[in-house]
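Undergrad:
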Amino acid sequence: MSRYTELHPANPQARLVRRVVDVLEDGGLIAYPTDSGYALACTPGNKEGMDRIRTIRQLDDKHNFTFVCADFAQAGPLAIVGNNAFRLIKRLTPGPWTFILKGTKEVPRMTLNPKKHTLGVRIPDHAITQALVAELGGPILSSTLIRPGATEPESSGWQIEDSLGHLIDVVVEGPVTSTEPTTVLDLTADVPEILRQGAGPADLL
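For what it's worth, the working numbering labels the leading residue of the sequence shown as 17, then goes sequentially.
(1) How many angstroms separate the CA atom of Leu148 from the CA atom of Ala205?
(2) Using the Cα positions of Trp174 and Asn99, report the straight-line distance between them to the nearest angstrom.
(3) Sorted by chain position, which residues of the same chain lie with C-beta nearer than 6 Å to Leu128's C-beta, five sequence neighbours on each side aside?
(4) Can you say whether Asn1 is buried or exposed, counting buried as having 16 or more other CB atoms within 10 angstroms of its CB?
(5) Could you tell me if Asp185 is buried or exposed, where buried requires 16 or more neighbouring beta carbons within 10 angstroms of its beta carbon?
(6) If the criterion is Cβ atoms closer than 7 Å, does the pair His142 and Asp51 meet it?
(7) Pick from Phe115, Arg19, Pro49 and Thr21: whose alpha carbon is nearest that of Glu221?
(8) Can you list the beta strand (DSSP E) stretches of 3 or more residues lying completely in the stretch 152–211, in chain order?
(9) Within 8 Å, do at least three Cβ pairs link the stretch 155–162 to the stretch 72–84?
(10) Using a 10 Å radius around the Cβ and a threshold of 16 neighbouring Cβ atoms, would you call Pro112 buried or exposed?
(11) Should Glu177 and Tyr54 be called a contact, given that it needs their Cβ atoms to be closer than 7 Å?
(12) From what residue to what residue does the beta strand (DSSP E) around Leu117 run?
(13) Alpha carbon to alpha carbon, how far is Lys131 from Lys121?
(14) How long is the line joining the alpha carbons of Thr71 and Leu56, rounded to whole angstroms?
(15) Taking only three categories from DSSP, how would you classify Phe81?
(16) Can you tell me which of Arg19, Val36, Gly65 and Leu211 puts its alpha carbon nearest to the alpha carbon of Thr145?
(17) What three-state label does DSSP hand Glu122 in the structure shown?
(18) Whole angstroms are fine: how far does the CA of Glu209 sit from the CA of Leu117?
(19) Is Ala26 helix, strand or coil by DSSP?
(20) Looking only at its own chain, which residues have a Cβ that is under 7 Å from the Cβ of Val188, when we skip the five neighbours before and after it?
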């Protein structure tokens with residue numbers, strides 16, 4: 017069974033945040049709340065963690081893993097961002113958006129889409145997520161926790177603990193801002209393309 021850790025939604029307890037990050041740094045897998053449902057996460061370059069996420073979600077190797085960042089400064093070294101994409105990301109973040117971008121040479125190849133060399137970048141508006149990323153000191157590698165056959169992400173920590181706790185090292189209990197997944201925008205071309213409409217409203221584009 018996993019460790020079940022409840023964090024304060026507005027002021028996450030520093031010692032508990034540190035315990036969760038210790039698990040990430042030791043190669044573990046966590047489930048945590050965001051502004052658009054729950055997500056699974058490990059540290060970048062953690063192949064076993066990525067394989068565990070693929071197993072839980074039944075994903076193939078074409079899935080774009082997402083780097084969850086505290087701000088654009090963390091995202092900058094990871095992705096190739098043109099001027100138009102930069103302005104759009106700055107305008108929409110923090111918030112429930114995932115941006116598909118070309119990865120840079122700084123990114124471990126195992127985390128990129130094998131054919132397109134793309135990755136997801138996300139800057140959430142959520143106190144618990146921001147606390148975890150701040151304590152780690154860098155982005156976490158993440159994937160929305162949508163079960164096979166479902167269309168919406170998980171939204172309850174205790175339900176995840178009850179049904180998936182044996183597959184996850186830590187389940188963080190906390191509120192989600194929305195039960196919709198992120199809106200996914202492909203920014204690899206000049207014109208943004210919505211790959212998935214979710215919590216991020218399209219009228220902001």
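Idealized CB from N, CA, C, for every residue including glycine.
TA: By the coordinates alone:
(1) Cα-Cα distance, rounded: 32 Å.
(2) Across the structure, Trp174 and Asn99 are spaced so that their CA atoms are roughly 42 Å apart.
(3) Cβ neighbours of Leu128 beyond the five flanking positions: Gly119 and Leu135.
(4) Nothing about residue 1 can be reported from this structure: the residues present for the chain run from 17 to 221 only.
(5) Residue burial annotation: Asp185 is buried, with at least 16 other C-beta atoms found within 10 angstroms of its C-beta.
(6) Yes, the Cβ-Cβ distance between His142 and Asp51 is below 7 Å.
(7) Before going on, a small fix: residue 221 reads as Leu here, not Glu. Proximity to Leu221 across Phe115, Arg19, Pro49 and Thr21 peaks at Phe115, based on C-alpha coordinates.
(8) For the stretch 152–211, whole beta strand (DSSP E) runs of length 3 or above, ordered along the chain, are 156–160, 186–189 and 199–202.
(9) The answer is yes - the stretch 155–162 touches the stretch 72–84, with three or more Cβ pairs under 8 Å.
(10) Residue burial is scored here from C-beta neighbours: Pro112 has at least 16 other C-beta atoms within 10 angstroms and is therefore classed as buried.
(11) Taking 7 Å as the cut-off, the beta carbon of Glu177 is found no closer than this to the beta carbon of Tyr54.
(12) That run of the beta strand (DSSP E) goes Trp113 to Gly119.
(13) A direct Cα-Cα distance of roughly 15 Å separates Lys131 from Lys121.
(14) Between Thr71 and Leu56, the C-alpha separation is close to 12 Å.
(15) It is coil, neither helix nor strand.
(16) For the residues Arg19, Val36, Gly65 and Leu211, the minimum Cα distance to Thr145 belongs to Val36.
(17) Coil at Glu122, not helix or strand.
(18) When rounded, the distance between both Cα atoms is 12 Å.
(19) In the structure shown, Ala26 sits in coil (DSSP, three-state: anything other than H, G, I, E or B).
(20) Around Val188: Thr21, Leu23, Val36, Ile46, Ala47, Tyr48, Pro49, Ile144 and Gly173.
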